[in-house]
Amino acid sequence: MTTHSLLILPGDGIGPEVMTEVRKVIDWFQTNKGIAFDVSEDLVGGAAYDKHGKPLADETMAKALEVDAVLLGAVGGPAYDNLDFSVKPERGLLRLRKEMDLFANLRPAQCFDALADFSSLKREVVAGLDILIVRELTSGVYFGEPRGIHSDDNNPQNEGGRVGINTQRYTSGEIRRVARAAFELAKKRDNRVCSMEKANVMESGILWREEVQWVHDNEYPEVELSHMYADNGAMQLVRRPSQFDVIVTDNLFGDILSDAAAMLTGSLGMLPSASLGAPMANGRPRAMYEPVHGSAPDITGQGKANPIACILSFAMALRYSYDLGAEADLLEKAVEKVLADGVRTADLMGPEGGTPVSTSQMGDKIVEALSAL
Ligand code: NAD
Ligand code: IPM
Ligand code: MN
1 MTTHSLLILP
11 GDGIGPEVMT
21 EVRKVIDWFQ
31 TNKGIAFDVS
41 EDLVGGAAYD
51 KHGKPLADET
61 MAKALEVDAV
71 LLGAVGGPAY
81 DNLDFSVKPE
91 RGLLRLRKEM
101 DLFANLRPAQ
111 CFDALADFSS
121 LKREVVAGLD
131 ILIVRELTSG
141 VYFGEPRGIH
151 SDDNNPQNEG
161 GRVGINTQRY
171 TSGEIRRVAR
181 AAFELAKKRD
191 NRVCSMEKAN
201 VMESGILWRE
211 EVQWVHDNEY
221 PEVELSHMYA
231 DNGAMQLVRR
241 PSQFDVIVTD
251 NLFGDILSDA
261 AAMLTGSLGM
271 LPSASLGAPM
281 ANGRPRAMYE
291 PVHGSAPDIT
301 GQGKANPIAC
311 ILSFAMALRY
321 SYDLGAEADL
331 LEKAVEKVLA
341 DGVRTADLMG
351 PEGGTPVSTS
361 QMGDKIVEAL
371 SAL
């Protein structure tokens, strides 16, 4: 029997809370579908810092490079906000992304019909919404050199005497590979890609636009390609999101645009993601799955966290890492059913009401729905 190796990194804040619910789903698939998962668990973020003095131990990094897939909860929190930059929890996550070379971050935003009235936008704007943001994840201003905070003592005009530097840097190869990922995904969807940058003010944006166009013209002429400035893109996402199918964009714009897209679905607690790299020896992409949300310190430990983003991230793992597309569909249907039944964590509670449930009860309901389908 094939075993499917999975490294779970719950992380900080609500990370461990939502991961407990994913564990229930994994157990259900093992017991009821005979799928063997070889699950190991380790520390990342503040939890790793507390034990090792750094946000990701080298052994954990090595393990992440060995397994079929990694599932990460969330990192960060106020207890770690004043740490030295190099050991902040977020550095652990960024190291995983960089060293696994996970250049394509797929952030789908789908509006479940049961939540269409709950979104802060009107039902007719979000109903049936199904867009996919492909965010470049291993380069750009997140990693570009030079970077740092330096003294600027020689500049008498500069009150305070310091300068903070980050560099937006993209190579043509980095742009082409994420563009290919976006075009490939579009071919399986509505065949449309919109590329977002700020070519009007940034040279890296000009290069981005030219290289995406190059990949289109030479390799994917059959896919419809458009270009948009990212600020207009943010506005269009809120104005008429259904105009988009696949959006491809850089690391920072993708971070911001995907949080905005989360609200089209009703809650940040709904948005899963898959971070994919080059194929491994088994033919599947190197991969880490992570909800789009963070560690949510404001609700940690209160049973309020919505585990759906993390559970749907596991569904993406079933699809992209384990070739279990039917099982992924089943899990997504179970989530849809629970929402249609009016089951709601606090973040999904609107004036129209529903059955209020805790994090743990939401996990139980999804497992019940899996058995009922
Ligand atoms: P956040 O995503 O943690 O929270 C933003 C808001 O959304 C909060 O009000 C929170 O309660 C709510 N929220 C988030 N996830 C939710 C869920 N599953 N269910 C219900 N409500 C949810 O963003 P933040 O407050 O800006 O950041 C907090 C910490 O998390 C910071 O340290 C940040 O760096 C980190 N962070 C980590 C990741 C990650 O690990 N991938 C992502 C974003 C932020
Ligand atoms: C995300 C987060 C991360 C990012 C942080 C925590 C490093 O906001 O995954 O969206 O900025 O990429
Ligand atoms: Mn983010």
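Take the sequence shown: its position 15, counted from the start at 1, is 15 in UniProt numbering, and no numbers get skipped. Glycine is no exception: its CB is placed at the ideal position from the N, C-alpha and C atoms. All of these numbers come straight from a predicted model, not from anything done at the bench.
The C-beta distance from Leu-264 to Pro-285 rounds to 27 Å, too long to meet the 8 Å contact threshold.
In this chain, the alpha helix (DSSP H) harbouring Ile-256 covers 251 to 262. In the three-state reduction of the DSSP assignment, Asp-190 falls in the coil class, being assigned neither a helical nor a strand state. DSSP, reduced to helix, strand and coil, places Asp-27 within a helical segment of the structure shown. Proximity annotation: the ligand IPM has residues Glu-90, Asp-255 in chain order, each selected because its CB is closer than 5 Å to a heavy atom of the ligand. Inclusion of Gly-354 and Val-343 in the CB contact set at 8 Å is warranted, their separation being smaller than that value. In this structure, Asp-298 has its beta carbon at no less than 7 Å from each heavy atom of the ligand MN. Remark: three or more beta-carbon pairs, one from each stretch, lie closer than 8 Å, so the segment 166 to 181 and the segment 201 to 208 are flagged as touching.
Following the DSSP letters along the chain, one finds His-227 inside the beta strand (DSSP E) bounded by residues 224 to 229. Taking the Cα of Ile-26 as reference, the smallest distance to any Cα among Gly-164, Val-238, Leu-71 is reached at Leu-71. Closest by C-alpha distance to Leu-132, out of Gly-13, Tyr-220, His-293, Thr-249, is Thr-249. Not one heavy atom of the ligand MN sits closer than 7 Å to the Cβ of Asp-12. For Lys-63, the closest C-alpha among the options Leu-9, Pro-291, Ala-296 is that of Leu-9.
Rounded to the nearest whole angstrom, the C-alpha separation of Asp-347 and Ala-296 is 12 Å.
Annotated three-state conformation of Gln-110 is strand, per DSSP. With contact defined as three or more Cβ pairs closer than 8 Å, the segment 291 to 306 and the segment 65 to 84 are in contact.
If you check the C-beta of Ser-275 against the ligand NAD, you find no heavy atom less than 7 Å away. CA-to-CA, the gap between Gln-243 and Tyr-289 works out to about 27 Å. Counting only runs of at least 3 residues, the segment 46 to 113 fully encloses the following beta strand (DSSP E) elements, listed from N- to C-terminal order: 69 to 74, 104 to 110.
Counted as a single uninterrupted DSSP element, the alpha helix (DSSP H) harbouring Asp-329 occupies residues 325 to 340. Shortest gap from the CB of Asp-347 to any heavy atom of the ligand NAD: under 7 Å.
Met-362: not part of any beta strand (DSSP E); member of the alpha helix (DSSP H) spanning 359 to 372, first to last residue. Bridge partners of Met-288 according to DSSP: Val-70, Ser-275. Here the C-alpha atom of Ala-262 lies approximately 14 Å from the C-alpha atom of Arg-135. Taking 8 Å as the cut-off, the beta carbon of Leu-318 is found no closer than this to the beta carbon of Ala-309. For Gln-110, same chain residues with a beta-carbon under 6 Å away, outside a window of 5 residues either side, are Asp-130 in chain order. Straight-line spacing of the CA atoms in Gly-15 and Phe-143 works out to 25 Å. Ala-104 and Ala-186 do not touch by the CB rule: their CB atoms are close to 13 Å apart, not below 8 Å. Leu-268 has its Cβ nearer than 7 Å to a heavy atom of the ligand NAD. Counting the other CB atoms within 10 Å of its CB gives Lys-51 a total below 16, which places it among the exposed residues. Straight-line measurement puts the Cα of Thr-359 at about 7 Å from the Cα of Val-18.
Contact between the segment 218 to 228 and the segment 191 to 200 is present: three or more C-beta pairs spanning the two stretches fall below 8 Å. Per DSSP, reduced to three states, the secondary structure at Phe-37 is strand. With respect to the 8 Å criterion, Leu-56 and Arg-95 are classified as neighbours on the basis of their beta carbons. Not one heavy atom of the ligand NAD falls within 7 Å of the beta-carbon of Glu-136.
In this structure, the CA atom of His-216 is about 14 Å from the CA atom of Ser-172.
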